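Here the structure is laid out as structure tokens; the discussion comes afterwards.
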Amino acid sequence: MRQFHHEVSVSTRGKGLYDFTREVERWVSGCEITSGLLTLFIQHTSASLTIQENADPDVILDLNDYFGKIAPEDNRLYRHTVEGPDDMPAHIRTTLTQTQLSIPVTRGRMALGTWQGLYVFEHRSVPHRRSVILHLLGE
Amino acid sequence: MRQFHHEVSVSTRGKGLYDFTREVERWVSGCEITSGLLTLFIQHTSASLTIQENADPDVILDLNDYFGKIAPEDNRLYRHTVEGPDDMPAHIRTTLTQTQLSIPVTRGRMALGTWQGLYVFEHRSVPHRRSVILHLLGE
Amino acid sequence: MRQFHHEVSVSTRGKGLYDFTREVERWVSGCEITSGLLTLFIQHTSASLTIQENADPDVILDLNDYFGKIAPEDNRLYRHTVEGPDDMPAHIRTTLTQTQLSIPVTRGRMALGTWQGLYVFEHRSVPHRRSVILHLLGE
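Protein chains in written order, with the numbering used here: chain E, 1 to 139; chain P, 1001 to 1139; chain B, 2001 to 2139.
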């Protein structure tokens, strides 16, 4: 049994979902692990991870719109407003989605379904560099 | 340290929560792992996984109703409507719940609490077969 | 590769987020694992886990308020009301957050970002003792 660690940096340009499946696939492939478990962990509380459809780009636009509606940018609703109206909604959106994802690896590849892609879900309005830690365990 | 992979297929008959705890328990038991980590991963973006109460069936009926209300079936709200009014709400409901669950295994069994059951949460109206990948690592 | 199991009990005094990062850190440190994967699993369906900001305490107060609003305590909305008005909202709040978290361990420490803390999110009004199972795998 062997372990590998890696850090992926994803550049974001405002709220929305950023596909980074290919970058993770390439790294997993280079580790030459046939069978194991991959874990992705994002080191932030105002951006998150999600697995969603990779076919119709309208899905991720609609998702971003939906999260804009359920966590409104209205400073009167929150105590924590120091970084602007998108600050507390970003924490809420993060809590409603995932900070971590684990994916089985079989035959040297992530066991994703046909339509599944890996996304960083950015919840802040200004550009950020988001750090995702990858951990692969297997043989 | 040994690893095992398995695929469970769960048949669904419309929106709702489908208990598949027993099937997972049986497989874990057959692997004869005393101590380890079990990961469940659903290969879809319109059905998800959740751990919820296994005692009063009203809980899972209320949960299903709740998710019907927070992600309304109204095509005017979404761009992605190609597969019908339950299509985009299904992606939203998936994003608000889990695609993956990991559960420690101790004394040969999943370390579930007394009232915890494993559910596939179906978010589409028509019947589906949902594929869940199981990965067990331990000794 | 070695494995460790532990159980942490977190005492709660009503709805809100309870930071237990230090207690987890201490245990991980004592295991003397340099590189590996830590999994936290809460054995309840009316309390959950989340990773959120550990700097401004207003963030977790706002989060608790938000979850109070999206899952209202109104018995007319639910079938499952046997344990009081906070019963079914607690199950909903649990389903919208996490029952399990996995965190890579590098250089002997959890790979948390600077502002990330580990919280038990209590969703019931009366005090509880919540059991979180820890599993650490590594070398």
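Where a beta carbon is used, it is the ideal one built from N, C-alpha and C, also for glycine. Since the structure is predicted, the reported quantities are computational estimates derived from the model, not experimental observations.
Bridge partners - residue i, DSSP secondary structure assignment
{"i": "P/Thr1050", "result": "P/Tyr1119"}
{"i": "E/Ser131", "result": "E/Ser9"}
Cα-Cα separation between residue i and residue j, rounded to whole angstroms
{"i": "B/Arg2109", "j": "B/Met2001", "result": "17 Å"}
{"i": "P/Glu1073", "j": "P/Asp1086", "result": "6 Å"}
{"i": "P/Gln1003", "j": "E/Ser35", "result": "8 Å"}
{"i": "P/Ile1042", "j": "P/Ile1092", "result": "16 Å"}
{"i": "P/Asp1058", "j": "E/Ile51", "result": "29 Å"}
{"i": "E/His128", "j": "P/Thr1081", "result": "31 Å"}
{"i": "B/Tyr2018", "j": "P/Asp1056", "result": "28 Å"}
{"i": "E/Ile103", "j": "E/Arg22", "result": "15 Å"}
{"i": "B/Arg2013", "j": "P/Asn1075", "result": "43 Å"}
{"i": "P/Tyr1078", "j": "E/Gly68", "result": "13 Å"}
{"i": "P/Thr1039", "j": "P/Val1105", "result": "10 Å"}
{"i": "E/Met88", "j": "B/Asp2062", "result": "8 Å"}
{"i": "P/Ile1060", "j": "P/Val1132", "result": "20 Å"}
{"i": "B/Glu2053", "j": "B/Trp2115", "result": "5 Å"}
{"i": "B/Gly2084", "j": "B/Arg2124", "result": "10 Å"}
{"i": "E/Thr95", "j": "E/Phe20", "result": "21 Å"}
{"i": "B/Asn2064", "j": "E/Arg107", "result": "43 Å"}
{"i": "E/Leu112", "j": "E/Arg26", "result": "14 Å"}
{"i": "P/Ala1090", "j": "E/Leu37", "result": "27 Å"}
{"i": "P/Leu1049", "j": "E/Val24", "result": "23 Å"}
{"i": "B/Arg2130", "j": "E/Gly16", "result": "35 Å"}
{"i": "P/Tyr1066", "j": "E/Tyr66", "result": "16 Å"}
{"i": "E/Ser29", "j": "P/Ala1071", "result": "37 Å"}
{"i": "P/Val1126", "j": "E/Val126", "result": "41 Å"}
Under the three-state DSSP convention, the category residue i falls into
{"i": "E/His91", "result": "helix"}
{"i": "P/Val1082", "result": "coil"}
{"i": "B/Arg2013", "result": "coil"}
{"i": "B/Leu2038", "result": "strand"}
{"i": "E/Phe4", "result": "strand"}
{"i": "P/Thr1099", "result": "coil"}
{"i": "P/Val1105", "result": "strand"}
{"i": "E/Asp19", "result": "strand"}
{"i": "E/Leu137", "result": "strand"}
Heavy atom of the ligand MN within 8 Å of residue i beta-carbon
{"i": "B/Arg2079", "result": "This structure lacks the ligand MN; in fact it carries no ligand of any kind."}
Below-9 Å beta-carbon distance, residue i vs any chain D residue
{"i": "P/Glu1007", "result": "Among the chains of the structure shown, chain D does not appear; the protein chains present are E, P and B."}
(request) Pair every Cβ in the region 6-23 of chain E with every Cβ in the region 116-130 of chain E, then say whether three or more of these pairs are closer than 8 Å. (result) yes
(message) Counting only Cβ-Cβ distances shorter than 8 Å, please list the residues of the region 1104-1125 of chain P near chain E, keeping chain order.
(response) Correct list: empty, as no residue qualifies.
(request) Indicate whether the contact test is met: 3 or more Cβ pairs, each with one atom in the region 97-105 of chain E and one in the region 44-55 of chain E, closer than 8 Å. (result) yes
(request) Would you check if there are 3 or more beta carbon pairs closer than 8 Å linking the region 2021-2036 of chain B to the region 2127-2139 of chain B? (result) Short answer: they touch.
(request) Could you name the residues of the region 27-43 of chain E whose beta carbon sits closer than 8 Å to any beta carbon of chain P, in the order they occur along the chain? (result) Ser35, Gly36 and Leu37
(message) Residues of the region 2125-2137 of chain B in Cβ contact with chain P at a cutoff of 9 Å, in chain order, please.
(response) Ser2131, Ile2133, Leu2134, His2135 and Leu2137
(request) Report the residues of the region 45-66 of chain E with a CB closer than 7 Å to any CB of chain P, ordered along the chain. (result) With the criterion set as a beta carbon lying under 7 Å from some beta carbon of chain P, the members of the region 45-66 of chain E are Thr50, Ile51, Gln52, Glu53, Asp56, Asp58, Val59, Leu61, Asp62, Leu63 and Tyr66, in sequence order.
(request) Return the residues of the region 1082-1102 of chain P that lie within a Cβ-Cβ distance of less than 8 Å from chain E, sorted by chain order. (result) For chain E, the residues of the region 1082-1102 of chain P that bring a beta carbon within less than 8 Å of one of its beta carbons are Val1082, Met1088, His1091, Ile1092, Thr1094, Thr1095, Leu1096, Gln1098, Thr1099, Gln1100 and Ser1102, in chain order.
(request) Check each residue of the region 1066-1081 of chain P: if its Cβ is closer than 9 Å to any Cβ of chain E, include it; give the result in chain order. (result) Ile1070, Ala1071, Leu1077, Tyr1078, Arg1079, His1080 and Thr1081
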